[in-house]
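Below is one structure, written out as structure tokens, with a few remarks after it.
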Amino acid sequence: MDFDLFRDELGIPHVRAATETALAYGQGWVTAQDRGLQVEADRMRAEERYGEIAGPAGAAWDRFAARERLAATAREIHDALAQPERAWLAAYADGVSAGLLAGGRDVPELAGVPFRPWQPWTPIGVFLASHVLFNGFPSILWRAHVARHLHVPGVPLDRVLGLFAADGGSGSNAWAVNGRFTESGSPLVAGDPHRTLELPGPYQQVRLACTDPAAPYDVLGFAFPGVPGVPHFGHAVHGTPAGGSGSSVAWGITNAAAHHVEVVADGADSAGPDGWRLHWPARELSDVGVGVWRALLHARTARDVADAFAGWVDPVNRVLTADSAGDVLSLTAGKVPAVPAGAPELALPTAKPADGYVDLPAPAPVTEVAVDANERPATQRPAGADGRPGSGPRDLRTGREAHALGWSYAPHRAERIRQLLAAGTAPESPATQARIHGDTRDLGAPDLVGHLAHDTSAAAVRLRNWADGGAHVDASSTDAALYMRWRDALARRLAGHPVLAALHEPHGQDPALAPVLGGVFDVAAAVGAGLARILAADWLVVDGPDGERLRIDVAAEASAALAEVAGGVAGAGGAAGVVPEGPTWGDLHVPAPLLPVPELLAPDLPAPAVPGGPLGVRPAPVSGNNESVRCTGGSPGVAPTAYRASVARYVWDLSDRTKSRWGVPFGADGRPGGAHFDDQHATWADARTTAVVTDWDRLRPADTSLRLLNGARGAEVWRRDFGPHGVVTAHVLDPDADAGLLHGWFTQPRAAFWGMGEHTRDEVRDTYAFVDSLETHHAYLVRWDGEPVVLVQAYHPEHDPIGTAYDVLPGDLGLHFFLGSRGPVARHGAPEDPWTVLGPAMREFLFAGAGTRRLVGEPDAHNEKALRRMQVMGFTAGEVVSFESPQGPKVARMAYLGREAALAAADVPVG
Numbered sequence: 051m052d053f054d055l056f057r058d059e060l061g062i063p064h065v066r067a068a069t070e071t072a073l074a075y076g077q078g079w080v081t082a083q084d085r086g087l088q089v090e091a092d093r094m095r096a097e098e099r100y101g102e103i104a105g106p107a108g109a110a111w112d113r114f115a116a117r118e119r120l121a122a123t124a125r126e127i128h129d130a131l132a133q134p135e136r137a138w139l140a141a142y143a144d145g146v147s148a149g150l151l152a153g154g155r156d157v158p159e160l161a162g163v164p165f166r167p168w169q170p171w172t173p174i175g176v177f178l179a180s181h182v183l184f185n186g187f188p189s190i191l192w193r194a195h196v197a198r199h200l201h202v203p204g205v206p207l208d209r210v211l212g213l214f215a216a217d218g219g220s221g222s223n224a225w226a227v228n229g230r231f232t233e234s235g236s237p238l239v240a241g242d243p244h245r246t247l248e249l250p251g252p253y254q255q256v257r258l259a260c261t262d263p264a265a266p267y268d269v270l271g272f273a274f275p276g277v278p279g280v281p282h283f284g285h286a287v288h289g290t291p292a293g294g295s296g297s298s299v300a301w302g303i304t305n306a307a308a309h310h311v312e313v314v315a316d317g318a319d320s321a322g323p324d325g326w327r328l329h330w331p332a333r334e335l336s337d338v339g340v341g342v343w344r345a346l347l348h349a350r351t352a353r354d355v356a357d358a359f360a361g362w363v364d365p366v367n368r369v370l371t372a373d374s375a376g377d378v379l380s381l382t383a384g385k386v387p388a389v390p391a392g393a394p395e396l397a398l399p400t401a402k403p404a405d406g407y408v409d410l411p412a413p414a415p416v417t418e419v420a421v422d423a424n425e426r427p428a429t430q431r432p433a434g435a436d437g438r439p440g441s442g443p444r445d446l447r448t449g450r451e452a453h454a455l456g457w458s459y460a461p462h463r464a465e466r467i468r469q470l471l472a473a474g475t476a477p478e479s480p481a482t483q484a485r486i487h488g489d490t491r492d493l494g495a496p497d498l499v500g501h502l503a504h505d506t507s508a509a510a511v512r513l514r515n516w517a518d519g520g521a522h523v524d525a526s527s528t529d530a531a532l533y534m535r536w537r538d539a540l541a542r543r544l545a546g547h548p549v550l551a552a553l554h555e556p557h558g559q560d561p562a563l564a565p566v567l568g569g570v571f572d573v574a575a576a577v578g579a580g581l582a583r584i585l586a587a588d589w590l591v592v593d594g595p596d597g598e599r600l601r602i603d604v605a606a607e608a609s610a611a612l613a614e615v616a617g618g619v620a621g622a623g624g625a626a627g628v629v630p631e632g633p634t635w636g637d638l639h640v641p642a643p644l645l646p647v648p649e650l651l652a653p654d655l656p657a658p659a660v661p662g663g664p665l666g667v668r669p670a671p672v673s674g675n676n677e678s679v680r681c682t683g684g685s686p687g688v689a690p691t692a693y694r695a696s697v698a699r700y701v702w703d704l705s706d707r708t709k710s711r712w713g714v715p716f717g718a719d720g721r722p723g724g725a726h727f728d729d730q731h732a733t734w735a736d737a738r739t740t741a742v743v744t745d746w747d748r749l750r751p752a753d754t755s756l757r758l759l760n761g762a763r764g765a766e767v768w769r770r771d772f773g774p775h776g777v778v779t780a781h782v783l784d785p786d787a788d789a790g791l792l793h794g795w796f797t798q799p800r801a802a803f804w805g806m807g808e809h810t811r812d813e814v815r816d817t818y819a820f821v822d823s824l825e826t827h828h829a830y831l832v833r834w835d836g837e838p839v840v841l842v843q844a845y846h847p848e849h850d851p852i853g854t855a856y857d858v859l860p861g862d863l864g865l866h867f868f869l870g871s872r873g874p875v876a877r878h879g880a881p882e883d884p885w886t887v888l889g890p891a892m893r894e895f896l897f898a899g900a901g902t903r904r905l906v907g908e909p910d911a912h913n914e915k916a917l918r919r920m921q922v923m924g925f926t927a928g929e930v931v932s933f934e935s936p937q938g939p940k941v942a943r944m945a946y947l948g949r950e951a952a953l954a955a956a957d958v959p960v961g
């Protein structure tokens with residue numbers, strides 16, 4: 051299928067096509083190119099084949115996926131779809147398959163895995179596999195474990211379970227501002243989803259433009275690699291060729307924290323390995339909302355978005371949407387089992403599934419602002435009665451209690467966002483949203499530090515001063531690090547306290563599912579998530595083994611934990627104590643993302659620069675923690691690294707999409723070492739975003755013709771063993787590493803025709819750095835037995851000045867080459883002319899791209915030596931042409947070599 055691919059300066063793909071199915075094909079193709087390993091790993095998880103590449107952890111997942119029938123469910127959902135959605139999925143799957151075959155799966159991790167074409171149902175399977183754990187069922191099993199073992203005499207069970215009802219770092223932030231309170235007069239929608247950090251990230255920035263006159267659309271946003279469309283966060287425009295102003299609509303979601311998947315106990319006890327099963331709306335209804343994914347691409351108004359989300363199934367989300375006409379709507383979307391509100395079954399395995407689903411409230415207008423951040427929904431008081439200083443806009447949505455559909459909520463982020471919006475002194479704009487995205491204040495910290503009220507140590511004084519100063523968890527702060535280390539130590543101490551000893555009893559679940567259930571039965575992690583509630587529970591008194599009454603001495607435990615991390619000074623007493631500064635929070639808090647195949651690491655990945663950091667990335671220090679708006683969640687009681695965080699940030703400006711902003715933690719390209727693998731990391735770590743670029747004239751056309759071989763700088767992209775004559779390889783030129791070599795070659799007298807003899811080393815580097823930035827021009831360094839011998843420049847003639855001088859044919863590939871060294875001819879006893887070996891090598895290398903049909907040379911018309919060399923390689927001399935080259939006017943002799951002639955010559959023996 052025909053489609054056009056463009057990229058911006060960050061490598062973000064912009065796909066354009068004349069039909070919706072061609073566009074879906076193009077999205078699939080570029081996804082496979084940029085995220086080949088990721089989508090294949092996710093596809094194998096959906097097909098219950100993850101163990102083939104991920105070892106024991108993958109086998110555990112496969113056992114779970116087979117038990118929950120992920121692949122069968124995906125097929126059933128597909129078969130129940132209407133024809134337009136089936137055709138759309140099929141086109142996307144075909145595009146992924148083509149993109150994988152075109153080099154997307156050429157990674158070491160997949161070297162031994164046979165290629166299997168994607169099926170039309172595969173994207174559904176990928177979506178299910180990525181979201182089956184979003185329903186929180188492992189936490190239901192944990193709460194069942196708590197109910198079995200933690201008995202507090204005289205205290206209702208739901209109160210005991212409530213100790214662990216605080217969110218431990220998942221969820222998202224989203225907020226919308228009515229145009230009455232913005233600089234432009236049009237609404238803003240902004241936010242950041244929080245998920246487990248992955249490398250590459252779980253979201254892919256993309257733009258999808260369909261030019262079909264009958265149903266055009268132009269949507270950019272964040273896609274799930276392996277799933278078509280942009281179902282969670284998108285900004286669409288209509289009516290302008292550049293995709294800037296004009297009518298527009300945007301949307302963003304957060305997880306509703308709803309109890310939408312039930313754990314059904316098979317028998318009297320769900321503790322056994324086979325004692326439970328999931329009752330999952332997606333499976334029970336054979337529907338996961340695929341129609342919504344496609345309908346959102348066609349939405350033109352906020353009401354269209356709301357109508358589309360009426361068909362959403364799983365996971366249950368809160369949605370904020372706005373359009374350029376000024377409408378702003380808030381709604382909850384998905385299927386929630388009709389479990390009686392407040393009943394213990396809400397958070398425990400049930401004997402039988404609920405009958406039917408909750409009738410969700412209708413979409414509600416947003417008159418000032420709306421904030422969704424996984425909080426327990428509650429109607430807010432108006433200005434003057436809400437306790438928030440400032441005259442900025444308020445969240446005035448009514449009836450919010452009807453959206454409380456679960457049992458575990460994040461306590462602080464929504465309140466902090468509302469505070470920041472209320473305190474605003476100027477109209478909101480994309481620029482002013484940075485203060486919200488980057489806010490590091492932990493509203494829960496002062497209460498925790500309050501448990502040190504009677505501790506007079508220098509460390510306790512430091513923490514009280516820090517909390518009184520705003521409790522900002524900044525990467526540069528040693529006080530924030532002291533607080534987080536203390537919190538971690540306190541969680542570990544309480545996890546080992548006799549009062550909670552019963553939680554260490556065996557949970558009885560299948561040990562093979564441990565990688566799937568994660569750390570849900572890790573008592574320290576559970577205590578860390580519920581720390582504030584546990585410390586405040588003065589009723590938490592249990593019977594000890596000898597009949598004694600056991601309780602937690604909170605003040606003593608808090609001081610003891612502080613003494614651990616402050617080197618004993620905390621308990622030594624008095625203002626005379628001096629606490630060493632210690633590390634900053636950024637020293638300890640580095641991103642620790644998961645890889646697509648955790649147990650099979652590519653051998654050429656660079657080691658982490660910081661222990662615990664991500665492979666291939668030099669991690670930047672990150673501010674924030676689980677409770678701050680700038681959420682970089684760790685696991686208190688387990689490790690200080692950031693394993694959850696904002697996996698995307700966005701600001702959608704409904705006045706003009708070119709003023710919108712976005713960003714991801716790493717980059718657009720999933721291949722380690724690529725120019726766009728982690729080029730957004732520093733911006734993300736600083737909680738900043740980058741401007742959306744939508745003007746087609748500012749984008750670079752990208753190669754989908756498969757003429758050029760792609761790879762990271764320095765990567766080997768082609769190899770040929772010439773037996774006794776050695777091995778010739780081709781590598782993507784590294785401008786930084788190879789500039790000195792090239793400068794030495796170019797400054798030789800024989801290099802006059804190359805035209806770079808007067809360039810300095812830095813100018814050579816900058817020239818080839820520019821070439822490296824182009825999708826249509828590549829430079830390669832050819833090595834013979836490891837020795838650099840030839841510089842090759844290959845390019846698309848239609849995107850080069852030579853394209854104005856001759857009739858370019860489809861599949862033409864232009865080339866320049868420079869012999870820098872004669873290579874190891876003496877060592878091999880080869881003929882004196884190195885081209886006897888290099889000629890066939892160059893010919894085969896340049897035709898390695900499946901889309902190359904003809905090689906086109908354009909040596910200087912007076913460079914007879916170069917022309918003779920090309921004729922020996924099989925080229926036919928052509929016409930003399932004149933054109934304006936980057937170095938000035940040029941007269942060249944054209945030379946051509948067709949693919950068929952080159953392949954026929956390939957069997958000619960060497961020397």
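With this note's numbering as the guide, the letters of the sequence shown map in order to residues 51 to 961. All C-beta atoms in this analysis are idealised placements derived from N, C-alpha and C, irrespective of residue type, glycine included.
Nearest C-alpha to R738 among P715, V313, V277, R757: P715. Between the beta-carbon of L410 and that of T382 there is about 5 angstroms, and that keeps the pair under the 8 angstroms contact cut.
In the three-state DSSP reduction, N913 falls in the coil class, being neither helix nor strand. Take P751, set aside five residues on each side of it, and the residues of its chain with a beta-carbon closer than 8 angstroms to its own are D54, L55, F56, E825, T826, H849, in chain order. V89 sits buried, since 16 or more C-beta atoms from the chains shown fall within 10 Å of its C-beta. From the listed residues L247, V202, G302, V672, the smallest Cα separation to V697 is found for L247. Per DSSP, the continuous beta strand (DSSP E) segment holding T246 begins and ends at 238 to 246. Here V338 has I127, I174, F177, L178, A332, V363, D364 as same chain residues with Cβ atoms under 7 angstroms from its own Cβ, once five neighbours each way along the sequence are excluded. Excluding five sequence positions before and after G776, the CB atoms of its chain that fall closer than 7 angstroms to its own CB belong to W834, D835, P874, H878, given in chain order.
A contact is defined here as three or more CB-CB pairs under 8 angstroms, and the region 95 to 111 fails this definition with respect to the region 237 to 257.
A Cβ-Cβ contact shorter than 9 angstroms links W768 with T779. Linking H781 to W635 through their CA atoms gives a straight-line distance of about 41 angstroms.
Y75 carries a helical assignment under DSSP once its states are collapsed to helix, strand and coil. Looking at the DSSP output, T448 shares a beta bridge with no other residue. For W343, the enclosing alpha helix (DSSP H) covers residues 340 to 347. Unbroken alpha helix (DSSP H) stretches of 4 residues or longer found wholly inside the region 455 to 507: 463 to 472, 484 to 487, 495 to 499, given in chain order. With a 10 Å radius around the Cβ and a threshold of 16 neighbouring Cβ atoms, N515 comes out exposed. In this model, G907 and A891 are separated by some 16 angstroms (Cα to Cα). A direct Cα-Cα distance of roughly 18 angstroms separates A140 from Q83.
Assignment of T740 by DSSP, reduced to helix, strand and coil, places it in the strand class. Under the three-pair Cβ rule at 8 angstroms, the region 559 to 576 counts as touching the region 110 to 123.
The alpha-carbon of Q937 is positioned some 11 angstroms away from that of F803.
Counting C-beta pairs with one atom in each stretch, the region 410 to 423 and the region 445 to 465 have three or more that are closer than 8 angstroms, which means they touch.
Note that the region 251 to 264 touches the region 715 to 725; at least 3 beta-carbon pairs, one per stretch, sit closer than 8 angstroms. Look at the region 99 to 183 and you find these whole runs of alpha helix (DSSP H), each 4 residues long or longer: 101 to 117, 120 to 129, 133 to 149, 172 to 181. A distance below 6 angstroms between beta-carbons, with the five flanking residues on each side excluded, links I62 to the following residues of its chain, in chain order: Q255, A718. The bridge partners DSSP lists for I190 come to none. In this structure A525 is in contact with P671, their Cβ atoms being roughly 4 angstroms apart against a cut-off of 8 angstroms.
Taking all protein chains in view, the Cβ of T232 is crowded by 16 or more other Cβ atoms within 10 Å, so the residue is classified as buried. Here V930 is exposed, its C-beta having fewer than 16 other C-beta atoms within 10 Å. Spatial neighbours of R119 in its own chain (CB-CB distance under 6 angstroms, excluding positions within 5 residues in sequence) are not present.
If one requires a minimum length of 3 residues, the beta strand (DSSP E) runs lying completely within the region 558 to 614 are 591 to 593, 599 to 601, in chain order.
Exclusion of the five residues before and after L87 leaves V157, E159, P646 as the residues of its chain whose Cβ lies within less than 6 angstroms of its Cβ. The region 546 to 565 makes no contact with the region 473 to 480, as fewer than three CB pairs between them are under 8 angstroms. In this structure, R444 keeps its C-beta atom at 9 angstroms or more from the C-beta atom of T429. Straight-line measurement puts the Cα of P595 at about 42 angstroms from the Cα of D518.
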